[in-house]
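Student: Before I ask anything, let me first share the structure, which is written out below as structure tokens.
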Amino acid sequence: MGQTVEPKRRAFGILLLVLAVWLLIPPLAWSSPPKSSSLFPTPPSLEASVAFWKRVYTEFSTKEYLLHDREDFSVIYDVVNVVELLGEREPSFQEAMKAMQPVKERYAAVLTRLGWGGLPSDPLTREEKHVFEALKCPCPPEVFAKAAEQIRVQKGLKEEFLAGLERGKIYAPKMARIFRRYSVPEELVVLSMVESFFNPKAVSKAGAVGIWQFITGTGRRFLTITPDRDERKDPYLATEAAAKLLRENYELLGNWPLAITAYNYGRMGMLQAKEKVGSDQLEEIIVNHEGRAFGFAVKNFYAEFLATLDLWETYGGDAVVASVSAKLSPKRETVAKVGGKLASSPVSGEKKGKTSKVKRFHRVKPGETIWQIAKAYQTTPTALKKANKIQNPRQLRPGRRLVIPEAKQA
């Protein structure tokens, strides 16, 4: 009897020892979430459009209207100040677009004439000079002919983007918590910048309402919309609805680029486009899918999101906007908003000459973004980026040790 109990006691003791050691070992990450760059990839074919939207958001004023090629985003023919054009107060969008129509027609006429094989003027007109510079000519006639059909007018959005960053500091933290609750990547909160610049009072000409721009039909799937109560105007109830819709899009379509585009185009429309093209890669669908509603806005929705996400992850809610390019205006100054005032030099969220005090370090985990790390340590993405000399926060590598600057003071 004693001979059988003793081995059992020893075996039980060994089991307890193994269990104790096992409890001391840090748990393994059974499935690390993918990095932001893998969740939201930037295909090479979209790089030019992402760069274009960064310029629209950070460089060009709402008084400035761009004449550009709707397919080749590196081609910008002209930037027109509509206040100077009309010689009066800043016009409404409709008034500005009406004033831009003759300008657009002049450029189209130049391109059409050159497309027919016509000779340029001697000396070159202003429009001809801009065309040759933008297209990097000399060019064959067919280049001009194609370009004549692809001219588009785009309003600058710098002031609206800055205002959106300020509003985002109020709404984004709680919106991110809501998205996490629905297993939606919190980076998708910045989609509200693309939709409304975080404006709960926004109303589109198509009747979309609120911070997430729900039309009535889609909104009623998730929200109460009556003459007496419209929950689309509640930023957080609307965010719950957006999280549910984005999650549904993802589960049906299989990746976030398609799910994001479906937010604009519609889930079933995106599914049909995916099946028709025979690919789940958004860049292939953009090139090969044709549909009456599959126009410029839909094709650029994901690129606008990527541009906004990159600016948001770089600068967070500090309302600091850096000029992306000065191709058309070499003297254009970098714009930063500090304490409600405009300054003509880049800032980092810290006062000039102030050195961040190092308090601790952080080892980057798989899936973490600079935005998440900054929030965890109550600092800013700008300060974190500066302290670690990070050029591109979307290429943050797991395992890197980051210096954490002094927490942002309340």
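Position one of the sequence shown corresponds to residue 5 (this note's numbering), numbered consecutively onward. Quick reminder that beta carbons are idealized off the backbone N, C-alpha and C, glycines included. Please read these numbers as outputs of a predicted model, since none were measured by experiment.
#1: Can you give me the start and stop residues for the beta strand (DSSP E) that residue 80 sits inside?
#2: What's the C-alpha gap between residue 314 and residue 91?
#3: Measure the CB-CB distance between residue 114 and residue 84 and report whether it falls below 9 Å.
#4: Measuring CA to CA, which of 396, 223 and 370 is closest to residue 243?
#5: Please report the straight-line C-alpha distance between residue 369 and residue 51, rounded to a whole angstrom.
#6: So, are the CB atoms of residue 240 and residue 173 less than 9 Å apart?
#7: Is it the case that the Cβ atoms of residue 70 and residue 60 are separated by a distance below 9 Å?
#8: Please confirm whether residue 168 has its beta-carbon closer than 9 Å to some beta-carbon of chain D.
#9: Report the CB separation of residue 407 from residue 387 in whole angstroms; it is logged as a contact under 8 Å.
#10: How about the segment 126-140 and the segment 162-171: do they share at least three Cβ pairs that are nearer than 8 Å?
#11: Per DSSP, residue 238 forms a beta bridge with which residues?
#12: Between which residues of its own chain and residue 400 is the CB-CB distance below 8 Å, once the five residues before and five after are set aside?
#13: If you measure between the beta carbons of residue 146 and residue 119, is that distance less than 9 Å?
#14: Starting from the N-terminal side, write out each stretch of the beta strand (DSSP E) that is 3 residues or longer and does not extend beyond the segment 150-210.
#15: Do you know how far the Cα of residue 107 is from the Cα of residue 226?
#16: In its own chain, which residues sit with a C-beta less than 8 Å from the C-beta of residue 300, not counting the 5 before and 5 after it?
#17: Roughly how many whole angstroms lie between the Cα atoms of residue 86 and residue 256?
#18: Using a Cβ-Cβ cut-off of 8 Å (strictly less than) and excluding sequence neighbours within five positions of residue 305, which residues of its own chain qualify?
#19: Consult DSSP for residue 407 and reduce its assignment to one of helix, strand or coil.
#20: Do residue 261 and residue 45 have their C-beta atoms closer together than 9 Å?
#21: Alpha carbon to alpha carbon, how far is residue 194 from residue 231?
#22: Spatial neighbours of residue 409 within its chain, please: CB distance less than 6 Å, with the 5 preceding and 5 following residues excluded, ordered by chain position.
#23: Give the secondary structure of residue 73 by DSSP, where H, G and I count as helix, E and B as strand, and everything else as coil.
#24: Measuring only the C-alpha atoms, how far is residue 170 from residue 129?
#25: What number of angstroms, rounded off, separates the C-alpha of residue 281 from the C-alpha of residue 296?
#26: On a Cα-Cα basis, can you pick out the residue from 245, 365 and 127 that is closest to residue 182?
#27: Determine, using beta carbons only, whether residue 47 and residue 287 come nearer to each other than 9 Å.
Tutor: Taking the definition as stated:
#1: Per DSSP, residue 80 belongs to the beta strand (DSSP E) from 80-85.
#2: Separation of residue 314 and residue 91 (C-alpha to C-alpha, rounded to the nearest whole angstrom) is 36 Å.
#3: The answer is no: Cβ separation not under 9 Å.
#4: When 396, 223 and 370 are compared, the shortest CA-CA separation from residue 243 is found for 223.
#5: Their backbone Cα atoms lie some 27 Å apart in a straight line.
#6: No, the pair does not count as a contact, with Cβ atoms beyond the cut-off.
#7: Between residue 70 and residue 60, the C-beta spacing is below 9 Å.
#8: The question asks about chain D, but that chain is absent: this structure has only one protein chain.
#9: With 8 Å as the limit, residue 407 and residue 387 do not qualify as a contact, their Cβ atoms being about 10 Å apart.
#10: In short, these stretches do not touch, since the Cβ pair count stays below three.
#11: DSSP lists no partner for residue 238.
#12: Once the five neighbours on either side are set aside, the close Cβ partners of residue 400 are 39, 368, 372, 373, 374 and 394.
#13: Contact check for residue 146 against residue 119 passes: the beta carbons are separated by less than 9 Å.
#14: Counting only runs of 3 or more residues that sit fully inside the segment 150-210, the beta strand (DSSP E) segments are 155-159, in chain order.
#15: Note on geometry: alpha-carbon atoms of residue 226 and residue 107 lie some 44 Å from one another.
#16: Exclusion of the five residues before and after residue 300 leaves 74 and 156 as the residues of its chain whose Cβ lies within less than 8 Å of its Cβ.
#17: Computed Cα separation, rounded: 44 Å.
#18: Scanning its chain for C-beta atoms nearer than 8 Å, with the 5 sequence neighbours on each side dropped, one finds around residue 305 the residues 198, 264, 265, 267, 268 and 269, in chain order.
#19: In the structure shown, residue 407 adopts extended strand secondary structure according to DSSP, grouped into three states.
#20: Yes, the Cβ-Cβ distance between residue 261 and residue 45 is below 9 Å.
#21: Going by the C-alpha atoms only, they are around 29 Å apart.
#22: If we look at residue 409 and ignore the five residues flanking it on each side, its Cβ neighbours are 360, 383, 387 and 391.
#23: Taken through DSSP and simplified to helix, strand or coil, residue 73 comes out as strand.
#24: Here the alpha carbon of residue 170 sits roughly 43 Å from the alpha carbon of residue 129.
#25: Approximately 16 Å, taken between the alpha carbons.
#26: Taking only the C-alpha atoms, the option nearest residue 182 is 245.
#27: In this structure, residue 47 places its C-beta atom within 9 Å of the C-beta atom of residue 287.
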